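Encoded as structure tokens, the structure appears first; notes follow it.
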Amino acid sequence: MLVDSHAHIDTSRFNADREDVILAALKAGITCIVDPGCDLDSSRFALTLAKAHPGIIFAGVGTHPHDATTYSDEVGTHYREMAREPEVVAIGEFGLDYFRMLSPRDVQRDVFCAHLQLARDCDLPCIIHVRDSHDDVIELLHAHGQGLRGVFHCFSGNVAQAEECLAFDGFMISFAGPLTRQGNALPEVARMAPLDRILVETDSPYLVPQPVRAKRNEPLFVKHVAEKLAEIRGMSFEEIAQVTTTNAVRLFNLDTFPSFQRRSKAERGESIQ
Ligand SMILES: [Zn+2]
Numbered sequence: 001m002l003v004d005s006h007a008h009i010d011t012s013r014f015n016a017d018r019e020d021v022i023l024a025a026l027k028a029g030i031t032c033i034v035d036p037g038c039d040l041d042s043s044r045f046a047l048t049l050a051k052a053h054p055g056i057i058f059a060g061v062g063t064h065p066h067d068a069t070t071y072s073d074e075v076g077t078h079y080r081e082m083a084r085e086p087e088v089v090a091i092g093e094f095g096l097d098y099f100r101m102l103s104p105r106d107v108q109r110d111v112f113c114a115h116l117q118l119a120r121d122c123d124l125p126c127i128i129h130v131r132d133s134h135d136d137v138i139e140l141l142h143a144h145g146q147g148l149r150g151v152f153h154c155f156s157g158n159v160a161q162a163e164e165c166l167a168f169d170g171f172m173i174s175f176a177g178p179l180t181r182q183g184n185a186l187p188e189v190a191r192m193a194p195l196d197r198i199l200v201e202t203d204s205p206y207l208v209p210q211p212v213r214a215k216r217n218e219p220l221f222v223k224h225v226a227e228k229l230a231e232i233r234g235m236s237f238e239e240i241a242q243v244t245t246t247n248a249v250r251l252f253n254l255d256t257f258p259s260f261q262r263r264s265k266a267e268r269g270e271s272i273q
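What follows is the structure, encoded as structure tokens:
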């Protein structure tokens, strides 16, 4: 079993073959996919996909920092309503992106804080996007995120930054395609992160891992991230798959979902009632 803890399979780049992509992942042992919305429409579609694939796809609801200017109290009210659905397992993806800066910095910060409040009110984990914005994310989490849980998705920082992130007890670090590439501090981060605080993801359709030669990433390729993580940790692929799956199940409360329980029991060869 392997969980792709972050894949945007709701995006139009999967319109032509979405069901095939999901099936290919399932056949390869990727039993769960968390699809975080990036705005109201994509959050709605992620939820629709989750309802159509119970126990396989789960949704996050949130507004990506690129789209922060589309967020409003009204959007937040919709997220709150959607979060009552059992298929919604997280608030996100939200965060701060000062690399592309597609929304003004103060708008991003306000929308970030609004999502922290949503996570608190809905008692759901946060899926946080951080790009060239580490210090502000840490500052806002200290001020408004105490007691929350979540994941720093597609972690891209160094060891010191990872330590600051992991100082928030309820938070994990998630590794994506960049772990398989040269020239970053991620192998060091992957070595130091506690085993019960790590996840794997694809961030599909972006960030194709090595050695895949494809223009579009898809959940199937999460196994390459897990393989790299296993190599760095000196563990077997199966061990890393088990550790990261257990972490994802715990963070997103996946085993409270009936059809997920049935499927994981069946995979363990236990009888199904
Ligand atoms: Zn994403």
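The sequence shown: position 230 = 230 (our numbering), numbered continuously. Where a beta carbon is used, it is the ideal one built from N, C-alpha and C, also for glycine. Predicted model only: the values in this text are computed from it and were never measured.
Would residue i be called buried (16 or more neighbouring beta carbons within 10 Å of its own) or exposed?
i       : result
Lys-228 : buried
Leu-23  : exposed
Met-82  : buried
Glu-85  : exposed
Ala-248 : buried
Ala-114 : buried
Ser-43  : buried
Ala-46  : buried
Phe-155 : buried
Asn-15  : exposed
Gly-269 : exposed
Glu-163 : exposed
Gln-273 : Unreliable positioning characterises Gln-273 in this predicted model, as indicated by a pLDDT of 48, which lies under 50. A coordinate reading is not provided.
Lys-215 : exposed
Thr-256 : exposed
Gly-92  : buried
Arg-12  : Position check: residue 12 holds Ser in this sequence, whereas Arg was assumed. Exposed is the call here.
Gln-108 : buried
Less than 8 angstroms between the C-beta atoms of residue i and residue j, yes or no?
i       : j       : result
Ile-127 : Pro-36  : yes
Ile-57  : Ala-50  : yes
Phe-94  : Pro-65  : yes
Ala-193 : Ile-173 : yes
Gly-76  : Leu-118 : yes
Val-137 : Thr-180 : no
Gly-234 : Thr-202 : no
Leu-26  : Thr-245 : no
Arg-149 : Gly-183 : no
Ile-232 : Ala-190 : yes
Ser-133 : Asp-97  : yes
Val-34  : Val-89  : yes
Leu-251 : Val-151 : yes
Leu-166 : Phe-175 : no
Phe-168 : Arg-131 : no
Ser-259 : Pro-54  : yes
Below 8 angstroms on the Cβ atoms is my guess for residue i versus residue j; work out the distance and round it to an integer in Å.
i       : j       : result
His-8   : His-153 : That pair is no contact at about 11 angstroms.
Arg-263 : Thr-31  : 7 angstroms
Checklist line | Segments assigned beta strand (DSSP E), at least 3 residues, entirely inside the region 32 to 107 | finding: Entirely contained in the region 32 to 107, the beta strand (DSSP E) runs reaching 3 residues are, in chain order, 57 to 61, 88 to 97.
Next item on the list: Scan the region 164 to 197 and note each continuous beta strand (DSSP E) run of 3 residues or more that stays entirely inside, going in chain order.
Entry: 171 to 175
Next item on the list: Could you pull out every unbroken alpha helix (DSSP H) segment of at least 4 residues lying fully inside the region 211 to 269, listed in chain order?
Entry: 222 to 233, 237 to 252, 258 to 267
Check: Which runs of the alpha helix (DSSP H) spanning at least 4 residues fall entirely within the region 3 to 33, listed in chain order?
Finding: 18 to 27
Next item on the list: Let me know the beta strand (DSSP E) ranges lying completely inside the region 137 to 168, each 3 residues or longer, listed in chain order.
Entry: Correct list: 150 to 152.
Margin query: Suppose only complete runs of 3+ residues qualify. What are the beta strand (DSSP E) ranges in the region 108 to 135, listed by chain order?
Written below: 126 to 131
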